[in-house]
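K.L.:
Numbering (the numbering used here), first residue to last: -4 to 207.
Got a structure for you, written out below as structure tokens; questions coming shortly.
As structure tokens, then:
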């Protein structure tokens, strides 16, 4: 009977020894082979790889337009002058137009040949209306004539029996008369009648274009 009991005891001792050996081998494995250490290491490795990958990404460099820059727009050209010698601020109209200069309305009829007893002349019938509340002055020497050759001549003393005189115009009043100029060269082409009061606060100049 003693022999029968010794067999199970031997088997139990062998199993215990095997379990102990297994536990010893497991405990003796390097730390990096143990599962409980591997999983955290894998997680850390994934995080490190992700950070490195993101750090390696750079913002795309701004694209450089290799096409040549568009040429700057050419400056706008000023409108052609209404007539040679026209000034900024001139009030320009065709012969016969009523032009407003300040509070005055001035009219110059188309030029016509005047009396040529002493010399050839060109005359224009003029009318001035005072729309202001103040008295204004008028004078034949407020008028000039620009000839086709570019010469600017002042008023003469002959050419009409109804020459414009000088004086003052009360508010709401009018004055009229002919203004004549020498035309001894008998020019033809574009004439410009110019009106700019000598003694007035009006700074604008009126101009009437005539073809004669």
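Just so it is clear, CB atoms sit at the ideal spot from N, CA and C, and this is done for glycine as well.
Note down, in chain order, each residue of its chain lying with its Cβ closer than 8 Å to the Cβ of residue 283, except the 5 sequence neighbours on either side.
P.N.:
Nothing can be reported for residue 283, as the shown portion of the chain is limited to -4 through 207.
K.L.:
So does the stretch 75 to 86 actually touch the stretch 170 to 180, counting three or more Cβ pairs closer than 8 Å?
P.N.:
Segments in contact, no.
K.L.:
Provide the residue span of the beta strand (DSSP E) that contains residue 100, from first to last.
P.N.:
Here residue 100 refers to the residue found at position 105 of the chain shown. Where residue 100 is concerned, the enclosing beta strand (DSSP E) stretches over 99 to 103.
K.L.:
Less than 7 Å between C-beta atoms, sequence neighbours within five positions excluded: which residues of the same chain meet that for residue 109?
P.N.:
As a working mapping, residue 109 is identified with position 114 in the chain shown. Cβ within range, chain order: 116, 117, 118, 154, 155, 175.
K.L.:
At the level of alpha carbons, what is the spacing between residue 81 and residue 142?
P.N.:
The sequence position of residue 81 within the chain shown is 86, counting from 1. The sequence position of residue 142 within the chain shown is 147, counting from 1. About 13 Å.
K.L.:
Among 167, 40, 188, whose alpha-carbon lies nearest the alpha-carbon of residue 104?
P.N.:
As a first step, residue 104 must be located in the chain shown, where it is residue number 109. Measuring C-alpha to C-alpha distances from residue 104 to each of 167, 40, 188 identifies 188 as the nearest.
K.L.:
Quick check: what's the CA-CA separation for residue 89 versus residue 205?
P.N.:
On the chain shown, residue 89 is found 94 positions in, with the first residue counted as 1. On the chain shown, residue 205 is found 210 positions in, with the first residue counted as 1. Their Cα atoms are separated by approximately 7 Å.
K.L.:
Got a sec? Which residues, its chain only, sit under 8 Å from residue 182 by beta carbon, not counting five neighbours each side?
P.N.:
For the purposes of this step, residue 182 is identified with residue 187 of the chain shown, where counting begins at 1. Cβ within range, chain order: 142, 143, 144.
K.L.:
What three-state label does DSSP hand residue 40 in the structure shown?
P.N.:
The sequence position of residue 40 within the chain shown is 45, counting from 1. Helix, per DSSP.
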